[in-house]
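Numbering of the sequence shown is given in this note's numbering, commencing with residue -19 and proceeding in unit increments. All C-beta atoms, glycine included, are put in the ideal place defined by N, C-alpha and C. First comes the structure, then the notes that go with it.
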Amino acid sequence: MASEMRSALKVKTPGRAAEDVDPTRLKLLDTAETLFARHGIDNTSLRAITAAAGANVAAVHYHFGSKDELLREIFIRRMTPLIEERLRRLEKCKGAAKRALVEKIVAAYVEPTFEYDCSQNQFGFNRLLARLSLENQRERTDVFHFIQRDGNTQFVDALLAAAPHLQRETVQLRLELLLGMIVQALSIRQESRSGSANRALVDELINLGVAMMEAKARSL
């Protein structure tokens, strides 16, 4: 599944391997992520990014083409390994006891987010996601959701099999709501990095996710 996800995201393109280790490109990505999270996308100019990165504006156009494409590359860099790990754990859910299946699927979706967050030191990216959500940057958050679309579809399929009382549209909506809670949780956990506090937060998200997926849909 991971290879399918990488193909769907089109992360591998001709010359990309060399770009991935290009020091200027990496510095621009790191700097843009930090400044976007701190000041917002619209309040951060390409000149501010290049000045902080010790590069010139031409370097942004050469490596990315535009500010929005730079943002898209930030999303891809941060999200691809996370989605691959989610799908790897989802695969392990096969064969689980029916009564525990929903919880295992939800845990496969939630837990890698926080483990990856700690191991990759991506607190700036989490603040960026929270800022985009709070500022209602719909066009830009759509990129975030598009990148996750194929992975989410596989989770929806698995949840439908585990919770057949729900319609696909209901599961999709509830997974989106869970994702929104994850983003907000990531933004508030900056103040609390202790292992026990983080585990409690993850457990609470899993409990909420399971409750959502097991609840009956209300008739409208």
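- Residue state for residue 93 is assigned as helix, using DSSP reduced to three classes.
- By the Cβ rule, the stretch 16 to 29 does not count as touching the stretch 60 to 77, because fewer than three pairs are nearer than 8 angstroms.
- Following the DSSP letters along the chain, one finds residue 198 in no alpha helix (DSSP H), marked with neither H nor E.
- For residue 167, the enclosing alpha helix (DSSP H) has its first and last residue at 148 to 168.
- A check of alpha carbon separations from residue 183 across 160, 28, 24, 84 identifies 84 as the nearest.
- A contact is defined here as three or more CB-CB pairs under 8 angstroms, and the stretch 103 to 111 fails this definition with respect to the stretch 75 to 89.
- Here residue 191 is exposed. Its C-beta has fewer than 16 other C-beta atoms within 10 Å.
- The residues 17, 18, 167, 170, in chain order, have a CB closer than 8 angstroms to that of residue 107 in the same chain once the five nearest residues on each side in sequence are set aside.
- Every alpha helix (DSSP H) of 4 residues or more that sits fully in the stretch 17 to 80 is shown, in chain order, as 26 to 33, 37 to 43, 47 to 72.
- With fewer than 16 other Cβ atoms inside 10 Å of its own Cβ, residue 177 counts as exposed.
- For the set 57, 24, 2, the Cα lying nearest the Cα of residue 39 is the one of 2.
- The beta carbon of residue 158 sits closer than 8 angstroms to the beta carbons of 86, 89, 90, 185, 188, 189, 192 from its chain, once the five residues preceding and following it are set aside; these are given in chain order.
- One Cα belongs to residue 12, the other to residue 194, and the distance between them is close to 40 angstroms.
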